[in-house]
Amino acid sequence: MWASTAASNAGDGITRTLLPLLVVAHHPDPAAVAGLTTVNMLPWLLFALPAGVLADRVDRRRIVLGSNVVRGAALLGAALVLATDRPLPLLYALAFLLGIAETLADTAAPAMLPRLVEAGQLERANGRLSAAQIVLNEMVGPPVAGLLAGLTAAAALATGGTLYALAALLLLGLAPLAGTDPRPAPPEARDGVLRDIRQGLRFVLGHRTLRVTLAASALYGLVFSATFSMLVLLSERTLRLGETGYGLLLAAGSVGAVAGSWLAPRAADRLPTVRLARWSLAGSGAAYVILGLVRRPELAALALAVNGVFMMGWNIPVMSLRQRLTPEDLQGRVMSVSRLCSWGSMPVGATLGGLLAAALTVPAVFVVCGGVLVLGALLLLARLHDEPPVPAAPAAPLPSGELDDKG
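Just so we're aligned, residue 217 is where the sequence shown starts under the working numbering, counting upward by one.
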C-alpha cells in the first residue's frame, strides 16, 4: 500500500503542476486557470459523501485500484489527444475526471488502513504515508512536471499516466484480507445512498470527539487556504523574494512536514492524543503569526518549517484517532465527512484571505488567521478528554505485501 501510495502521489504532483501550465500556455487568462482549479475541486463537493458510502459497501482496495486505472488511462489517452491541440473544454474534462478519481481513492485508501495495521500502529503507518505524499507530491512531482513540460506535454502526461498504472499494479500485490474480499453489503444497505449518508453524518455529529475534531479540521482548512493563497504575495512584496526564493519557502515547509511525519508518531507514543493535537494546532497558529511578523527570509523559512512539523503533529494523530473511534462499516463515510470538512472549507478560506489582504495588509492575513487558529485550538479542544498514548505494538501477522512495523 505504501509503494502504491508513493507512485500515485508522484503522479498527483506531476498532473497538478502540469495542467495549469497547459492552460496558461494556450489560454493565458486568469479566469481560465481559476476555472481549472474549480472543476478539479468540484468533485469533492459533489461526490465526497457518496464516495464514502461506496467505500463502505464494496472492497476499498478495488476502489483505489480502479481509480488509479482510470487516472492512468485518462492521462495516457490525453497524451495522444493533446499532443497537437489543447482545447480548454478538454483540459477541463480531464481535470474533472481526475478529480472524481481522486475523491474516490482518497476516501477509500485511509479507510483501508485500520484493516492493515493494529490500532497502536496507526500513527506510524499514517506517518509513513504522509511522508510519501509530501516528498513525492509536493517536492518531487512539481519539478519533474516542469522539466518534462519543457520537453513535450505528451511526455509529461504519459509519465503521470504510467505512475498511476504502476500504483494500480502495486495494489495487486496486496493480498486479500480475511473478511474484506469481497465485502458485500446486506440487502437493506443497498436501498438508499441518502440514507447511508445520513447514517454517517448522524454518527459523526453524535460523537463528541469526532464532531469537535472535524470542526477544528474545517477551521484549519480555512486558515491554511487563506494564508497559502497569500504566501506568494508575502514572498514577493514583503520578503522581496523572486520565483526561486518562493520555491525555497515552499521547500522549507515541505521539509518541516517530512520531519513532522517522522516525529508525530513518536510523540504519540508518549503523549495523549488530544493534548498532542491541541498543542500542535496551536503551534501551527503561532507559526503563522510569526510568519506575518518577520521580514527576514530565513526567519520566514524557519517559521514555515516549524509550521510543517506542527501540521503533521495535528494531522497524523487526529487521522489515527478517527480511524480508531470509527466502526469498520462506517470508516468510508466518516472519512468522506472529514475530507469534505477540510477540502470544502478551502475555497472559502482562499476568498477570505483575499478579502483580509484587501482590507488590511498581506502580513496581517497571517497574523489574524494564526491568532484565530491558536484560539480555536485552545477553545474547541479544551474540553475533550485526553486519551492515554497508544503504545506501538507489533501488528498481527499480515498477508504478503502489507505494511510491517519496521523502521
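For glycine and all other residues, C-beta sits at the position ideal for the given N, C-alpha and C. None of the values given here were measured: they were computed from a predicted structure.
Exercise. Rounded to the nearest angstrom, how far is the Cβ of P259 from that of Q539, given a contact under 8 Å?
Worked result: Position 43 of the sequence shown, counted from the start, is the residue given in the question as residue 259. Position 323 of the sequence shown, counted from the start, is the residue given in the question as residue 539. 23 Å between Cβ atoms; not a contact.
Exercise. Quick one, are the C-beta atoms of A431 and R494 less than 8 Å apart?
Worked result: Along the sequence shown, one-based indexing puts residue 431 at 215. Along the sequence shown, one-based indexing puts residue 494 at 278. No, these two residues do not count as a Cβ contact at 8 Å.
For this session: Pick helix, strand or coil for V269, following the three-state DSSP scheme.
Result: By 1-based counting over the sequence shown, the position of residue 269 is 53. For V269, the three-state secondary structure derived from DSSP is helix.
Exercise. Under three-state DSSP, which class holds A405?
Worked result: Looking up residue 405 in the sequence shown gives position 189. In this predicted model, A405 has a pLDDT of only 49, less than 50, meaning its place in the structure is not dependable; the value taken from the coordinates is given anyway. In this structure, A405 counts as helix in the three-state DSSP scheme.
Exercise. In whole angstroms, what separates the C-alpha of A271 from that of I350?
Worked result: To locate residue 271, count along the sequence shown from 1; it is residue 55. To locate residue 350, count along the sequence shown from 1; it is residue 134. When the Cα atoms are used, A271 and I350 turn out to be separated by approximately 24 Å.
For this session: Throw me the rounded Cβ distance for the L304 and A248 pair, which I believe falls under 8 Å.
Result: Within the sequence shown, numbered from 1, the residue matching residue 304 stands at position 88. Within the sequence shown, numbered from 1, the residue matching residue 248 stands at position 32. About 6 Å; that satisfies the 8 Å criterion.
Exercise. Taking Cβ positions, are L265 and I413 nearer each other than 8 Å?
Worked result: Residue numbering aside, residue 265 sits at position 49 when the sequence shown is read from its first letter. Residue numbering aside, residue 413 sits at position 197 when the sequence shown is read from its first letter. Yes, the pair counts as a contact, with Cβ atoms nearer than the cut-off.
For this session: State the DSSP-derived secondary structure class of M527, mapped to helix, strand or coil.
Result: Within the sequence shown, residue 527 is the residue found at index 311, counting from 1. It is helical.
Exercise. Roughly how many angstroms lie between the CA atoms of A516 and G422, to the nearest whole one?
Worked result: Your numbering for residue 516 matches position 300 in the sequence shown. Your numbering for residue 422 matches position 206 in the sequence shown. A516 and G422 have their C-alpha atoms roughly 41 Å apart.
Exercise. Hey, quick one: how far does the alpha helix (DSSP H) through E544 stretch, first residue to last?
Worked result: Numbered from its first residue, the sequence shown carries residue 544 at position 328. Taken as a continuous stretch (DSSP letters only), E544 belongs to no alpha helix (DSSP H), as it is neither H nor E.
Problem set entry | Nearest-angstrom beta carbon gap, A434 and S558 [assumed within contact, 8 Å] | Within the sequence shown, residue 558 is the residue found at index 342, counting from 1. Within the sequence shown, residue 434 is the residue found at index 218, counting from 1. Yes, S558 and A434 are in contact; Cβ-Cβ is about 7 Å, under 8 Å.
Exercise. Roughly how many angstroms separate the alpha carbons of S616 and L386, rounded to a whole number?
Worked result: Locating residue 616 in the sequence shown gives position 400, where the first residue counts as 1. Locating residue 386 in the sequence shown gives position 170, where the first residue counts as 1. Since pLDDT at S616 reaches only 36, below the 50 mark, its modelled position is unreliable, and no value is offered.
Exercise. Apart from the five residues on each side of it in sequence, which residues of its chain come closer than 6 Å, Cβ to Cβ, to A483?
Worked result: Here residue 483 corresponds to residue number 267 of the sequence shown, with the count starting at 1. These residues qualify, in order along the chain: L492.
For this session: Please say whether G357 and A626 have beta carbons closer to each other than 8 Å?
Result: Residue 626 lies beyond the range of the chain shown here (217 to 623); nothing can be said about it.
For this session: Spell out a yes or no on whether the segment 583–591 and the segment 470–479 are touching, meaning 3 or more CB-CB pairs, one atom from each, closer than 8 Å.
Result: no
For this session: Would you list, in sequence order, the uninterrupted alpha helix (DSSP H) runs of no fewer than 4 residues that lie entirely inside the segment 538–602?
Result: 547–575 and 578–596
Exercise. Taking the alpha carbon of A289 as the point to measure from, which residue in G458, A521, A383 and G408 has its own alpha carbon closest?
Worked result: Translated into positions along the sequence shown, residue 289 becomes position 73. Nearest of G458, A521, A383 and G408 to A289, Cα basis: A383.
Exercise. Per the contact definition of three or more C-beta pairs closer than 8 Å, is the segment 504–512 in contact with the segment 565–582?
Worked result: yes
Problem set entry | For P259, three-class secondary structure by DSSP | Residue numbering aside, residue 259 sits at position 43 when the sequence shown is read from its first letter. Helix, per DSSP.
Problem set entry | M355 - DSSP class collapsed to helix/strand/coil | In the sequence shown, counting from the first residue as 1, residue 355 sits at position 139. M355 falls in the helix class under three-state DSSP.
Problem set entry | Any 3 or more C-beta pairs closer than 8 Å across the segment 448–460 and the segment 326–343 | no
For this session: Using three-state DSSP, classify G395 as helix, strand or coil.
Result: Position 179 of the sequence shown, counted from the first residue, corresponds to residue 395. Residue placement at G395 is flagged as unreliable, the pLDDT there being 37, under the threshold of 50; a coordinate-derived value is accordingly withheld.
Exercise. Based on Cα-Cα distance, which residue from R599, R549 and L571 lies nearest to L320?
Worked result: Taking the sequence shown and counting its residues from 1, one reaches residue 320 at position 104. Ranking the options by Cα distance to L320, first place goes to R549.
Exercise. Measuring CB to CB, does G408 end up less than 8 Å from L291?
Worked result: Locating residue 408 in the sequence shown gives position 192, where the first residue counts as 1. Locating residue 291 in the sequence shown gives position 75, where the first residue counts as 1. No; because the gap between Cβ atoms is not below 8 Å, this pair is not in contact.
For this session: Just mark P400 as buried or exposed, buried being the case when its beta carbon has 16 or more other beta carbons within 10 Å.
Result: Within the sequence shown, residue 400 is the residue found at index 184, counting from 1. Because the pLDDT at P400 is just 49, under 50, the model does not fix this residue reliably, and the point stays unresolved.
Exercise. How about L520 and A361: are their beta carbons less than 8 Å apart?
Worked result: As a working note, residue 520 is residue 304 in the sequence shown. As a working note, residue 361 is residue 145 in the sequence shown. Cβ distance not < 8 Å, so L520 and A361 don't count as in contact.
Problem set entry | DSSP-derived helix/strand/coil call for D245 | Position 29 of the sequence shown, counted from the start, is the residue given in the question as residue 245. Coil, per DSSP.
Exercise. For the putative contact between A294 and L373, defined by C-beta atoms under 8 Å, what is the C-beta separation to the nearest angstrom?
Worked result: Locating residue 294 in the sequence shown gives position 78, where the first residue counts as 1. Locating residue 373 in the sequence shown gives position 157, where the first residue counts as 1. With a Cβ gap of about 5 Å, A294 and L373 count as contacting.
For this session: Take the Cβ of G343 as the centre, count every other Cβ of all protein chains shown within 10 Å, and call the residue buried at 16 or more, exposed below.
Result: Walking along the sequence shown from the start, residue 343 turns up at place 127. G343 comes out buried.
For this session: Might you give, ordered along the chain, the residues of its own chain that have their beta carbon closer than 6 Å to the beta carbon of V286, omitting 5 neighbours on each side?
Result: As a first step, residue 286 must be located in the sequence shown, where it is residue number 70. Excluding residues within five positions, the ones whose Cβ falls inside 6 Å are A317.
Exercise. Does DSSP classify E334 as helix, strand or coil?
Worked result: For the purposes of this step, residue 334 is identified with residue 118 of the sequence shown, where counting begins at 1. Of the three classes helix, strand and coil, the one that applies to E334 here is coil, per DSSP.
Problem set entry | Which listed residue (R273, G560, A325 and G570) has its alpha carbon closest to that of N256 | Counting from 1 along the sequence shown, the entry for residue 256 is found at position 40. Per the Cα distances, G560.
For this session: Would you kindly report the start and end of the unbroken alpha helix (DSSP H) that includes S441?
Result: On the sequence shown, residue 441 is found 225 positions in, with the first residue counted as 1. That run of the alpha helix (DSSP H) goes R424 to L449.
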